[in-house]
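Asker:
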Amino acid sequence: MLESPHPSLQNVKKVEIIVSHAFLEETLSVLDVVGVSGYTVFGSTSGKGARGLSCDDLDCDYSSSYIMTVCNSDEQLGRLIDKIQPFLKKAGGIFVVTTAQWLSH
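Residues 1 to 105 in full-length UniProt numbering are what the sequence shown lists, from first letter to last.
#1: Throw me the rounded Cβ distance for the valine 19 and valine 97 pair, which I believe falls under 8 angstroms.
#2: So, with DSSP's three-state summary, where would you put serine 20?
#3: Let me confirm a value: valine 70 is counted as buried when at least 16 other C-beta atoms fall within 10 Å, else exposed. Which label applies?
#4: Taking the alpha carbon of leucine 88 as the point to measure from, which residue in Ala22, Ser46, His6, Ser44 has its own alpha carbon closest?
#5: Only counting the same chain, and skipping five residues up and downstream in sequence, which positions put a Cβ closer than 7 angstroms to that of alanine 91?
#6: Return the Cβ separation of valine 36 and leucine 9 in integer angstroms, given the expectation that the two are a contact with Cβ distance under 8 angstroms.
#7: Alpha carbon to alpha carbon, how far is threonine 27 from glycine 47?
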């Protein structure tokens, strides 16, 4: 893992999840089960993926939600992956993990 350039920065894993709005509550429940302490949700996102267009227009059937959170340990990230992977196979969506730094305050 990278060393933090400042003592106030903590290394974390940033997790970004995009799911159909219809599955938002179920996705947030998974985060609660694995002990993720917080998250940010942006609703009514649009884009294009393997399953076609996703938009928030009135004439579009589906819209997506973007969820951003962090995992403080590899163990927590592992639990999240174990719980969310079967769900994403059923519901579709995107799950991206990047290394980030969190400012402790």
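Glycine residues also receive a C-beta, built at the ideal position from the N, C-alpha and C atoms.
Answerer: According to the data block:
#1: With a Cβ gap of about 15 angstroms, valine 19 and valine 97 do not count as contacting.
#2: strand
#3: buried
#4: Ala22
#5: Val19, Ser20, Phe23
#6: Taking a contact as a CB-CB distance under 8 angstroms, the pair valine 36 and leucine 9 does not count as one, their CB atoms being some 20 angstroms apart.
#7: 19 angstroms
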